[in-house]
Structure formats: C-alpha cells, structure tokens
Amino acid sequence: MNRVVIRSVLRGLQVNGGGGRCISTAASGGGAAAVAAAAVEIWSRELRSKNGAYSYGVCCWRRMMSTSQLTEQSEKAVAKKEEASEVKGVESVKVNDSKAVVSSYWGIVRPKVLREDGSEWPWNCFMPWETYQSNTAIDLSKHHVPKTFLDKVAYRTVKLLRVPTDIFFRRRYGCRAMMLETVAAVPGMVGGMLLHLRSLRKFQQSGGWIKALLEEAENERMHLMTMVELVQPRWYERLLVLAVQGVFFNAYFVLYLLSPKLAHRITGYLEEEAIHSYTEFLKDIKEGKIENIPAPAISIDYWRLPKDATLEDVITVIRADEAHHRDVNHFASDIHYQGKELREAPAPLGYH
Numbered sequence: 267m268n269r270v271v272i273r274s275v276l277r278g279l280q281v282n283g284g285g286g287r288c289i290s291t292a293a294s295g296g297g298a299a300a301v302a303a304a305a306v307e308i309w310s311r312e313l314r315s316k317n318g319a320y321s322y323g324v325c326c327w328r329r330m331m332s333t334s335q336l337t338e339q340s341e342k343a344v345a346k347k348e349e350a351s352e353v354k355g356v357e358s359v360k361v362n363d364s365k366a367v368v369s370s371y372w373g374i375v376r377p378k379v380l381r382e383d384g385s386e387w388p389w390n391c392f393m394p395w396e397t398y399q400s401n402t403a404i405d406l407s408k409h410h411v412p413k414t415f416l417d418k419v420a421y422r423t424v425k426l427l428r429v430p431t432d433i434f435f436r437r438r439y440g441c442r443a444m445m446l447e448t449v450a451a452v453p454g455m456v457g458g459m460l461l462h463l464r465s466l467r468k469f470q471q472s473g474g475w476i477k478a479l480l481e482e483a484e485n486e487r488m489h490l491m492t493m494v495e496l497v498q499p500r501w502y503e504r505l506l507v508l509a510v511q512g513v514f515f516n517a518y519f520v521l522y523l524l525s526p527k528l529a530h531r532i533t534g535y536l537e538e539e540a541i542h543s544y545t546e547f548l549k550d551i552k553e554g555k556i557e558n559i560p561a562p563a564i565s566i567d568y569w570r571l572p573k574d575a576t577l578e579d580v581i582t583v584i585r586a587d588e589a590h591h592r593d594v595n596h597f598a599s600d601i602h603y604q605g606k607e608l609r610e611a612p613a614p615l616g617y618h
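Sequential numbering of the sequence shown, starting at 267, is according to this note's numbering.
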C-alpha cells in the first residue's frame, strides 16, 4: 500500500509544479514510509508558497498515511470481537434439541429448578413453590340455603344453567368437567380484575382479595389443563366453549359491577354443582364404568400426588378444590350482605 501512496504523491508533485525537483527513493533508514512523508512535506511547502495555506487534500493524505495501518488493525480487532460475541450469545441461549432457542438479549433466563429428587422441573406453567396437597377432608355436604330474594335468584339461575349441560353431556363426565372448568375459571379472574381497578381508582388496599380471587382462577385453569390431558375435546365442543365463555364472561362482568354479592353467590352455587358432578364422576370410576387410568404427570406434580396416583385420586383432589372455592365465594357474598367491603375481612390466601 505504501508503494501506491508514494507513486500517487510523486505524480501529484509532477502535475502541481514540482518541476525540476527530484526525490531520491533510496533514502537510507526511513524506508518507504519516510520517503512518503518527505514527499508530502515537499508537496505541502509547494502549495503553501502558491496558495498560502494547506489544502484539504494534503491534510487528508497525511492523516490517511499516518493512520492507515492502525485503522486496518482496529477494524480486524472489532470484527473478531463481534464474531466472538455472536457465537457466545448463541451458545448461551442454546437448550436441548427438543426446545427452541430463545433470545437472551433482555437478560431473562429461566432459572434452573429441580425437584426434591434432583431431577429437572419440567413445567413452565407453575413452579414447585406453587404446588400443594389438597385438603380432601373438607366437608362436601355444606350448602347455603337461599333465604333472600337475591339468593333465590342465584340458586334458580344455576339450576337453570344445569339443564342444557345435562342434556348435552349426559354422563360423559370427562367432557362435562372440561366444559365446567372453562366456565369456573372466569369468576375469579373477573372479580380479581375489577377489584384491582377499584383499588387503583380509590387508592385503597384490597385486603388480599385480588390475589385470592386470581389464585382461584389459576387453580380452576389448572383443573382444565389436567382434564385436557385426559379428554381431547371435539371440534364442536371447542366451538361450544367459545360461545359459552364469550357470553358468560360479559354477563358476569356486568353482574359483578351491578351486584358483587349476587355474583359471588352465583359462583358459590356453581361450585356446589361442580362438587355434585365430580361426585358422580367418582361414582362411575368406582363402579368400573370409567377406566381408572394413571394420573397425568402434570397433576402428580401440581397436587403432590404419589407417583402411582390414578384418575380417582385426581378427581378427588379437584372436588376438594371446588369445595374450597364454594366456601370462599359464599363467604365473600356474606361480607357484602353485611354491608361491608371485601377488604374489611381477611382474604383466604392459599385456601384452595
């Protein structure tokens, strides 16, 4: 490259009036770089005598010659550094072949979670500290006797909703439970969402009820995730879920805005019907009408069931959860009936 620069400079000297000047390219000790520097110096003096100042081109040439080698080295170093960082970034986010490669640009990495036996935790939808052992000793026979007008409206509404369900599903309790859970997971989410917005508007604490109702919604959703492992819904059942969920969500949303005590009472009676449905489910399992297959892996980890747990064990713990939800919603309705707000009473956190 130095030879090219020297030739260009010498040619420029000849064109710009270097005349009879000559430069010895055999300068000792300086080499090509020294010759080039001397050539530029002579050229700059010639231009200074003619124009009175350095030209822009001379400055650029001097800077290029003094930094050309350094620039090449720095560019190579930067390229190597970028290549190394790209390789490192890809290697840092690689997982097993069965999993997708996820970008770690934001620094969000799933922590390594282990089971008690040291094996890797397989679920992303819940963590070990969210699992629990259901209290199956809960009283399943509790019933809120409707006394007030609103209680009777809630009770009759739930009984009316059961009629089309009985006609459509009959004794197909797997599909029935799947449909039931898509509805049962709505009230907790709607109630928690509206309490959240109320807390923001009024700058008030919720007394823990937001978290309690969202826990209920999440628990019902896990019931559904378990049932899907057991029963694969047909296309028309999926359409039915879309229709029912769309209608029920909006209706319950408006109802909760107008009368929270009626909304919670209806949910309490829905949970009572769920207990009845799961009891019939267990009855058919015990009589051999439904095969008592091994429990899905997700249910074993979520409810901390034995490794050899069966479908009967799963339905038993789900029924116990529904009994707890029954108590929570009837309790919430009673608080409103007493003219108080939910935040004035302790929220049943962790009460599944």
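For every residue, glycine included, the Cβ atom is placed at its ideal position computed from N, Cα and C.
Boundaries (first-last residue) of the alpha helix (DSSP H) holding residue i
i: E546; result: 526 to 552
i: V583; result: 577 to 603
i: D567; result: 563 to 568
Helix, strand or coil at residue i according to DSSP, with G and I counted as helix
i: L380; result: strand
i: P394; result: helix
i: E216; result: Because the chain here runs from 267 to 618, residue 216 falls outside it and cannot be looked at.
i: E386; result: strand
i: V301; result: With a pLDDT of 49 at V301, under the threshold of 50, the modelled position of that residue is not reliable, and the figure given next carries that caveat. Looking at V301 - three-state DSSP - the assignment turns out to be helix.
Local Cβ density within 10 Å of residue i, reported as buried at 16 or more and exposed below that
i: A403; result: exposed
i: E610; result: exposed
i: W475; result: buried
i: Y371; result: exposed
i: L608; result: buried
i: V623; result: The requested residue 623 does not occur in the structure, where the chain is confined to residues 267 to 618.
i: M492; result: Sequence inspection shows Thr at residue 492; the Met mentioned does not correspond to that position. It is buried - the Cβ of T492 has at least 16 other Cβ atoms within 10 Å.
i: I374; result: exposed
i: S407; result: exposed
i: R531; result: buried
i: A613; result: buried
i: G457; result: buried
i: V449; result: buried
i: L479; result: buried
i: M393; result: exposed
Whether residue i touches residue j by CB criterion (9 Å)
i: I541; j: R592; result: yes
i: M444; j: V497; result: yes
i: R437; j: E538; result: no
i: C441; j: E503; result: yes
i: P526; j: H410; result: no
i: Y535; j: A529; result: no
i: E495; j: A451; result: no
i: A586; j: T576; result: no
i: H590; j: N401; result: yes
i: T397; j: P453; result: no
i: L615; j: E481; result: yes
i: Y421; j: P412; result: yes
i: I551; j: E578; result: yes
i: Y439; j: S565; result: no
Contact test: residue i Cβ vs the ligand SAH heavy atom, cutoff 8 Å
i: V580; result: Judged by which ligands are present, the structure shown has none, so any question about the ligand SAH falls away.
> If you scan the segment 399 to 469 from start to end, which runs of the alpha helix (DSSP H) of 4 or more residues do you find wholly inside it?
Replying inline: Every alpha helix (DSSP H) of 4 residues or more that sits fully in the segment 399 to 469 is shown, in chain order, as 415 to 435, 439 to 468.
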